[in-house]
Amino acid sequence: MDFNQIRLAFNLFFKPLMLFLVSLLAMNLIEAAAMQPTLVPLTKIASYGIIGVLLLASYLLAQSVWLLVKVARGVGESCHGCGMPVRYVSPGRYGPYYKCMACGANRRSHE
Ligand SMILES: [Zn+2]
């Protein structure tokens, strides 16, 4: 596993992983808070928030997997150097461009 693969995995899966870990931590906190009767209504509201965080994490994970599937099938934008998924950066300094998630190469977007 070289540095570009580590960078690709970080770019694709770091955010969903952190959101899953945050929701696990929040679940533990809610269980601890549910021991006190005065905090029970608050824990019910917070548990809906955790569901929202889990849904967001699932969405980001599905988006990352979808990018990998698209690159594997040769559909959509990919890096001109290594063929891995790219990220569209809209307000770039010299206009919109694509940044590779693996090797970091930039390519100008003609949109
Ligand atoms: Zn690349």
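Residue numbers (the working numbering): 973 to 1083. All C-beta atoms, glycine included, are put in the ideal place defined by N, C-alpha and C.
Check                                                                                : Outcome
Beta-bridge pairing of CYS1072 - partner residues as DSSP gives them                 : VAL1058
Nearest-angstrom Cβ-Cβ length linking ILE1002 and THR1010, presumed shorter than 8 Å : Wrong, their Cβ atoms sit about 14 Å apart, outside the cutoff.
Rounded separation between LEU1040 and GLY1067 - CA only                             : 26 Å
Local conformation of GLY1021 per DSSP, three classes                                : helix
Whether ALA1077 touches GLY1053 by CB criterion (7 Å)                                : yes
Which of helix, strand or coil DSSP assigns to SER1081                               : coil
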